[in-house]
DNA sequence: TAAATTTGTCTATTGATATAGACAACTATA
DNA sequence: TATAGTTGTCTATATCAATAGACAAATTTA
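Residue numbers (the working numbering), protein chains in the order written: chain A, 875 to 1123; chain B, 875 to 1123.
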C-alpha cells in the first residue's frame, strides 16, 4: 500500500529526478513508521538495488535528507533517522492551532509575520460576504512546533468590524484570543477546500523547505455560531512534516 | 496567493525540472479559474519571460500538458485550454461518491477492479477493531467521472460480517448499496487522515497520470451510527483533477 | 497582399542528472 | 588484529534538462 519502502516504482524522465523521488519515499516510510527514531536505514547498496538505481543516486537522495535534518550519516556505521513522525494536524468544526497539537509537541506557537490593510480580492470578498474591494485586514502568520515551521497562513478579516485585530494578534499570539476581544467567544469552521502542489519559492522560504517539496493547501472560512463569516484564510502545510486529520465529522 | 500565473517562483536544481514546475503552475492556474475553457494561454515568449526561462523550456511544459490532454496547441494561432476545472470532491460525515459529485459531472460511477480475502495488516486491524491477521475482504475500486479516473481506493471489511460484499459490489457498483444488503442503512465517516505525495508507478497506471504528478491520499474509517467500525479505506486522488472539500463539519 | 504574431523544427552548447568503477576512511566484530 | 561492512571521495562517461539563435509554417490583422 502507500509507500512502504519495499515499493518498486521509480519513474524515469518524469521531470522529477530519481534522487528526489527516492528522498520522497524515504520520508514517507519514516512518516508511516517503517523506521523509528534512531533506526538505521538499509545500506546504500541495498537501497540502490531495491530501487534499481546507482548507489550514487541513492547518495544524492540521502544527502538531501541530511541537509534537511531528517537523516544523519556516519562513515563506517550507517545512516540513521533523526526526525520524528509527521505531526497530525486536526481539522474540524473547531479547529484551533495550539489545542490541536497538544501531546504531539512540547512547544507550539503562532508568530505574526506581517499585517496590512488592503482591498478585498474576489475570493476574499466572496468568502467574507463583503463587496469586492471592501477594506480587509490581512494577517500573515507562521505556526511553529518545537521550533520547526508547520504552517504558514494568511487570514483576512473585515477591517471595519475588526479594526485593531493586528495589534491584538501581535500581543496575544492567538487568533482565538484576538477574536475574543471583539466579542467572538466561539467560532466554527464553515468550509475547507483542500489541494496539494509543489512548493514555490515563497513556500520554501516560509516553511524552511528544500526545493521539490510538496505543500498541502487549505482555503477555509470561519463563521460565528449563527453563520456570520468572520475570517477567510489560506494555509500551507509542508506535506513531509504534517498530515491533516479530519476530525469531529 | 496560491498559484496565480503571475507568480514568479521557479526553483532551480530542486530535483524537479523547470518544465514540470511550469506545467504544474499552468495546471493550477486553470484549476483556479484563471483560464476558462477554450481560453488562449499567453504566447510562449511571454510565458518564458514571466518565468525567466528559455522559450524551449516553456515548450516542454506545454508539450507535457498537450500529451496529458489539458491543452491544445495550434500553429500560428496559439495554445488553448481544453480541460475543465478541478472537481471538488466533498468529504464529510456522510461522504458518498456519486452524490457528492452531482452537478459537477454528467456521469460518474465506481468500477470494482479486484477483490481478495487476506489477513488484516496492523493498521487495517486497528482501524476495524479486529485482531491482527483476522480475515478481511479487500475491494479495489476506481471512481470515474465523465470517463476520467478521479479516485482509486482500497477498502477493507471484516470478512466474517461482510462475506460476499465483493459480489454485491460487483453487482451494484455502489458501496452504499452493498452495505445495505448487510443491514447497514446508514454509516458515518469516523476519521480521515490526509496527506500528499508524488505519484508512484501504481498511481500513474491507476489514475492515468503523467510522471511527476501529485496525489492526495486519504485514510479513513467508516462506522455505523452507534460507532461500530465497518470499513477501513485508503483513497488516492489526482491533485491536478480533484480538490477535496471538507463539508458539514 | 504585406506585416505581425504565433507555433514548429533544427543545430549547437552548457550544466545537471545518472551510471560505472575504484579505492580511501571509518566502524564493528570475529 | 585482521576482516567484513559501511560511508566518503575521486574520475570518467552518457543522457537529460536548459539555454541560445535562426528560420520555417501557419494564422490573424492592418
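Note that the Cβ used here is the ideal one computed from N, Cα and C, for glycine as well. None of the values given here were measured: they were computed from a predicted structure.
* **Stretch pair the segment 1049-1059 of chain B + the segment 881-901 of chain A: three plus CB contacts closer than 8 Å** => no
* Asked: If you measure beta-carbon to beta-carbon, which residues of the segment 1048-1072 of chain A are closer than 7 Å to chain B?
  -> 1063, 1065, 1066, 1067, 1068, 1069, 1070, 1071, 1072
* **Pairwise C-alpha distance: residue 943/B and residue 978/A** => To locate residue 978/A, count along the first chain from 1; it is residue 104. To locate residue 943/B, count along the second chain from 1; it is residue 69. Approximately 43 Å, taken between the alpha carbons.
* **Residue from 968/A, 1023/A, 1003/A with nearest C-alpha to residue 1035/A** => Locating residue 1035/A in the first chain gives position 161, where the first residue counts as 1. For the residues 968/A, 1023/A, 1003/A, the minimum Cα distance to residue 1035/A belongs to 1003/A.
* Should the segment 1015-1029 of chain B be called in touch with the segment 959-968 of chain B, which here means at least 3 C-beta pairs below 8 Å? -> yes
* Grouping DSSP H, G and I as helix and E and B as strand, with all else coil, what is residue 899/B? -> If you number the second chain from 1, residue 899/B lands on position 25. Reduced to three states, the DSSP call for residue 899/B is helix.
* To do: Can you tell me the Cβ-Cβ gap for residue 1005/B and residue 1107/B, rounded? I've got them flagged as a contact below 8 Å.
  => Stepping through the second chain from its first residue, residue 1005/B is reached at position 131. Stepping through the second chain from its first residue, residue 1107/B is reached at position 233. Between residue 1107/B and residue 1005/B the Cβ distance is about 20 Å, and since that is not below 8 Å, they are no contact.
* Asked: Is the beta carbon of residue 1049/B less than 9 Å from the beta carbon of residue 1013/B?
  -> Along the second chain, one-based indexing puts residue 1049/B at 175. Along the second chain, one-based indexing puts residue 1013/B at 139. Taking 9 Å as the Cβ cut-off, residue 1049/B and residue 1013/B qualify as a contacting pair.
* Closer than 7 Å by beta-carbon distance: list the chain B residues that pair up with residue 1030/A, in chain order. => In the first chain, the residue the question calls residue 1030/A occupies position 156. None at all; the shortest Cβ gap to chain B is about 11 Å.
* To do: Determine the direct distance from the alpha carbon of residue 995/A to that of residue 927/B, and round the result to whole angstroms.
  => Here residue 927/B is taken as the residue at index 53 of the second chain, counted from 1. Here residue 995/A is taken as the residue at index 121 of the first chain, counted from 1. The alpha-carbon atoms of residue 927/B and residue 995/A are separated by roughly 29 Å.
* Asked: In chain order, which beta strand (DSSP E) runs of at least 3 residues are fully inside the segment 1022-1103 of chain B?
  -> 1022-1032, 1062-1072, 1088-1097
* Looking at the unbroken alpha helix (DSSP H) that takes in residue 998/A, where does it start and where does it end? -> Along the first chain, read from residue 1 onward, the residue named residue 998/A stands at position 124. First-last of the alpha helix (DSSP H) with residue 998/A: 996-1002.
* Asked: Applying a beta-carbon distance threshold of less than 8 Å, which residues of chain B neighbour residue 890/A?
  -> As a position in the first chain, residue 890/A is number 16, starting the count at 1. Per Cβ cutoff of 8 Å: 889, 890, 891, 894, 1072, 1085, 1086.
* How many angstroms separate the CA atom of residue 949/A from the CA atom of residue 933/A? -> As a working mapping, residue 949/A is identified with position 75 in the first chain. As a working mapping, residue 933/A is identified with position 59 in the first chain. For residue 949/A and residue 933/A, the distance between alpha carbons rounds to 13 Å.
* Within the same chain, show all residues whose beta-carbon is closer than 7 Å to that of residue 998/A, passing over the 5 residues directly before and after it, in chain order. => Residue 998/A sits at position 124 when you count from the first residue of the first chain. Excluding sequence neighbours, residue 998/A sits near 1010, 1030, 1106.
* Backbone CA spacing between residue 878/A and residue 885/B [nearest angstrom] -> Numbered from its first residue, the first chain carries residue 878/A at position 4. Numbered from its first residue, the second chain carries residue 885/B at position 11. Caution applies to residue 878/A, whose pLDDT of 34 falls short of 50 and renders its modelled position unreliable; the model cannot decide the point.
* Assuming residue 984/B and residue 1017/B make a contact with CB atoms under 8 Å, what is their CB distance in whole Å? -> Numbered from 1 along the second chain, position 110 holds the residue referred to as residue 984/B. Numbered from 1 along the second chain, position 143 holds the residue referred to as residue 1017/B. Yes, residue 984/B and residue 1017/B are in contact; Cβ-Cβ is about 5 Å, under 8 Å.
* Using three-state DSSP, classify residue 1010/B as helix, strand or coil. => In the second chain, counting from the first residue as 1, residue 1010/B sits at position 136. Correct three-state label for residue 1010/B: strand.
* Buried versus exposed call for residue 918/A [16 or more other C-beta atoms within 10 Å across all chains shown] -> Taking the first chain and counting its residues from 1, one reaches residue 918/A at position 44. It is buried - the Cβ of residue 918/A has at least 16 other Cβ atoms within 10 Å.
* To do: Determine the direct distance from the alpha carbon of residue 902/A to that of residue 1123/B, and round the result to whole angstroms.
  => To locate residue 1123/B, count along the second chain from 1; it is residue 249. To locate residue 902/A, count along the first chain from 1; it is residue 28. Legend: pLDDT at residue 1123/B = 46, less than 50; position of this residue unreliable, value from coordinates given subsequently. Between residue 1123/B and residue 902/A, the C-alpha separation is close to 28 Å.
* To do: Determine the extent of the alpha helix (DSSP H) in which residue 961/A is found, giving its start and end residues.
  => Sequence index remark: in the first chain, residue 961/A carries index 87 (1-based). Taken as a continuous stretch (DSSP letters only), residue 961/A belongs to no alpha helix (DSSP H), being part of the beta strand (DSSP E) at 961-965.
* Please classify residue 876/A: is it buried, with 16 or more other beta-carbons within 10 angstroms of its beta-carbon, or exposed? => Working through the first chain from its first residue, we reach residue 876/A at position 2. Because residue 876/A carries a pLDDT of 28, less than 50, the predicted location of this residue cannot be relied on, and no value is offered for it.
* Measuring CA to CA, which of 1045/A, 929/A, 941/A, 937/A is closest to residue 986/A? -> Working through the first chain from its first residue, we reach residue 986/A at position 112. Of 1045/A, 929/A, 941/A, 937/A, the residue nearest in Cα terms is 1045/A.
* Asked: Near residue 1089/A, which residues of its chain fall below 8 Å by C-beta distance, leaving aside the five closest residues on each side in sequence?
  -> Translated into the one-based positions of the first chain, residue 1089/A becomes position 215. Correct list, in chain order: 1070, 1071, 1072, 1073, 1077, 1081, 1083, 1110, 1111, 1112, 1113.
* Per-residue burial, residue 910/B [other beta carbons within 10 Å of its own, 16 or more giving buried] -> Taking the first residue of the second chain as position 1, residue 910/B is located at position 36. Counting Cβ neighbours within 10 Å, residue 910/B comes out exposed, since fewer than 16 surround it.
* Roughly how many whole angstroms lie between the Cα atoms of residue 1000/B and residue 912/B? -> Position 126 of the second chain, counting from 1, holds the residue named residue 1000/B. Position 38 of the second chain, counting from 1, holds the residue named residue 912/B. Distance between the alpha carbons of residue 1000/B and residue 912/B is about 48 Å.
* Asked: Among residues of its own chain, excluding the 5 on either side of residue 1119/B, which ones have a beta-carbon nearer than 8 Å to its beta-carbon?
  -> If you number the second chain from 1, residue 1119/B lands on position 245. So the list reads 962, 963, 964, 965, once near-sequence residues are dropped.
* To do: Establish whether the CB of residue 1082/A and some CB of chain B are separated by less than 9 Å.
  => Residue numbering aside, residue 1082/A sits at position 208 when the first chain is read from its first letter. For residue 1082/A, the answer is no, since every Cβ of chain B falls outside 9 Å of its Cβ.
* Beta-ladder partner(s) of residue 1120/B, from DSSP -> By 1-based counting over the second chain, the position of residue 1120/B is 246. According to DSSP, residue 1120/B bridges with 1066/A, 965/B.
* **Secondary structure of residue 888/A, DSSP reduced to three states** => For the purposes of this step, residue 888/A is taken as residue 14 along the first chain, with counting starting at 1. Residue 888/A falls in the coil class under three-state DSSP.
* To do: For the beta strand (DSSP E) holding residue 955/A, just list the boundary residues, first then last.
  => For the purposes of this step, residue 955/A is taken as the residue at position 81 of the first chain. Segment 952-955, the beta strand (DSSP E) holding residue 955/A.
* **Cβ-based contacts, 8 Å cut-off: residues of the segment 925-959 of chain A near chain B** => 938
* Hey, does residue 881/B have any beta-carbon neighbour from chain A nearer than 9 Å? -> Taking the first residue of the second chain as 1, we reach residue 881/B at position 7. Confidence at residue 881/B is low in this model, with a pLDDT of 45, below 50, so the placement of that residue is unreliable and no value is reported for it.
* Could you give the DSSP three-state label for residue 1105/B: helix, strand or coil? => The count along the second chain starts at 1 and reaches residue 1105/B at position 231. In the structure shown, residue 1105/B sits in a strand (DSSP, three-state: E or B).
* Asked: Quick one: is residue 990/B near chain A, going by C-beta distance under 9 Å?
  -> Stepping through the second chain from its first residue, residue 990/B is reached at position 116. For residue 990/B, the answer is no, since every Cβ of chain A falls outside 9 Å of its Cβ.
* To do: Might you give, ordered along the chain, the residues of its own chain that have their beta carbon closer than 7 Å to the beta carbon of residue 947/B, omitting 5 neighbours on each side?
  => Position 73 of the second chain holds residue 947/B. Same-chain partners within the cutoff: 936, 940, 953.
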